[in-house]
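S.K.: One structure, pasted below without further comment.
Residue numbers (this note's numbering): 5 to 294.
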C-alpha cells in the first residue's frame, strides 16, 4: 500500500510539472488572517470563532489534532493545509525554521514570483510531510491545486485563515490580498516561552521578541485593518472578550462558545515576569484590555 501511495503522489507531481501558482493581486478576497506566535492561544481562539459562526475554510483541509503533535492541540489546529504549506515552503526556501526564523531583511527575499506546483507538492509530501491531515485529504488538496492553481487558496465564504507562521510574511500576504485584515493574538512572554519549549528547546525571550517584532510591524502597517486580542484576557474574561472580537468581525455572539474555555487553562497561566517592549506595545492596543 505504501508503494502505491508514493506512486500516486509522484503521478500528481509529474502532472503538475508545468503548472504554476501565480500570486496575482486579488482585491476580491477579504479574509481575516489570524496571526500569532505558536503556543499563543491561536487554536482556542479559532475554536471560539468557529462556534460563533465564522468560517475557517473547508473542514477537510484543516489540520487535525492527530499525528506527532496530537497532544499539543487534541481538538485540532484549525490551520488550512495549503496556506500552512505555503508558510513552511517560504521558510524552507530561506533555509530557516520555526526555531530559527528569518530576519526582516531575509524575508524581503520572498517575492510573489510564481511557484512551480510540482515543487510545492514535492515539498509538502516528501520534504516536510504533515501528518495532521490524512493522505486522502492531502492529495485531494493537491488535485484541487493542480486544477485551480492559486484559486485553490480562495475557499468560498472563508472568513478566517489561521496560520501562525505566515506572520513572518504579512507583507507578502498584504501585497497578494490587499483587502486582507489581521487579527493578532498575543500572550504574555513567560507563558508563551514555557509552552513553546514543548516544541523547541530554543524557546527564549529572544525568539519571542523576534516574532513579536513582526507582529508589531504588522499592526503598525495595518492599524485600520488589524485588531489585537489578548489571549490572557480572553481566559480571564471570556464573555466580554468574545463579545468584543465577534463584534469587530461582524459575527453573532454565541454564549455557548465561552464553554470551550477549560478552567485548567486559567490555572496553568503564568504570571508575566519576563519583560518585552514589543508585547507591552501590542498589549496597549488590545481590544479586550481589562
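Every residue gets a Cβ at the ideal spot worked out from N, C-alpha and C, and that includes glycine.
Could you name the residues of the same chain whose beta carbon sits closer than 7 Å to that of residue 298, not counting the 5 residues immediately before and after it, in chain order?
M.R.: What is shown of the chain runs 5 to 294, which leaves residue 298 out entirely.
S.K.: Helix, strand or coil for residue 291? Go by DSSP, reduced to three states.
M.R.: Coil.
S.K.: Residue 207: buried (16+ other C-beta within 10 angstroms of its C-beta) or exposed?
M.R.: Per the 10 Å Cβ criterion, buried.
S.K.: Classify residue 145 as buried or exposed, calling it buried when 16 or more other Cβ atoms lie within 10 Å of its own Cβ.
M.R.: With 16 or more Cβ atoms within 10 Å of its Cβ, residue 145 is classed as buried.
S.K.: Report all residues from its chain with a CB closer than 6 Å to the CB of residue 34; omit the five preceding and five following residues, and keep chain order.
M.R.: Excluding residues within five positions, the ones whose Cβ falls inside 6 Å are 183.
S.K.: Is the stretch 16-35 touching the stretch 151-166 in the sense that three or more CB pairs, one from each, lie closer than 8 Å?
M.R.: Yes, since at least three Cβ pairs between the stretch 151-166 and the stretch 16-35 fall closer than 8 Å, the two stretches touch.
S.K.: Which residue spans inside the stretch 131-178 form an unbroken beta strand (DSSP E) run of at least 3?
M.R.: Segments of the beta strand (DSSP E) lying fully in the stretch 131-178: 164-166.
S.K.: Just to confirm, is the Cβ distance from residue 164 to residue 36 under 8 Å?
M.R.: Against a cut-off of 8 Å, the Cβ pair of residue 36 and residue 164 comes out as a contact.
S.K.: Suppose you measure from the CA of residue 167 to the CA of residue 8; what does that come to, to the nearest Å?
M.R.: Roughly 31 Å between the two C-alpha positions.
S.K.: Count the other CB atoms, across all protein chains shown, that sit within 10 Å of the CB of residue 252; report buried if there are 16 or more and exposed otherwise.
M.R.: So residue 252 ends up on the exposed side.
S.K.: Can you give me the C-alpha to C-alpha distance between residue 212 and residue 169, rounded to a whole angstrom?
M.R.: Cα-Cα distance, rounded: 13 Å.
S.K.: Rounded to a whole number of angstroms, what is the C-alpha to C-alpha distance between residue 51 and residue 264?
M.R.: For residue 51 and residue 264, the distance between alpha carbons rounds to 8 Å.
S.K.: Which residues share a DSSP beta bridge with residue 39?
M.R.: Answer is 188.
S.K.: Which runs of the alpha helix (DSSP H), 4 residues or longer, sit entirely within the stretch 232-260?
M.R.: List check, alpha helix (DSSP H) in window: 235-240 and 242-252.
S.K.: Give every residue of the same chain whose Cβ lies closer than 8 Å to the Cβ of residue 256, excluding the five residues on either side of it in the sequence, and list them in chain order.
M.R.: 56, 57 and 250, listed in sequence order.
S.K.: Ordered along the chain, which non-local residues of its own chain (more than five positions away) have a Cβ less than 7 Å from that of residue 126?
M.R.: Once the five neighbours on either side are set aside, the close Cβ partners of residue 126 are 17.
S.K.: On the three-state DSSP scale, how would you describe residue 286?
M.R.: Correct three-state label for residue 286: helix.
S.K.: Whole angstroms is fine: what's the gap from residue 92's alpha carbon to residue 103's?
M.R.: Going from the Cα of residue 92 to the Cα of residue 103 covers about 12 Å.
S.K.: Going by the CB atoms, is the gap between residue 62 and residue 214 shorter than 8 Å?
M.R.: No; because the gap between Cβ atoms is not below 8 Å, this pair is not in contact.
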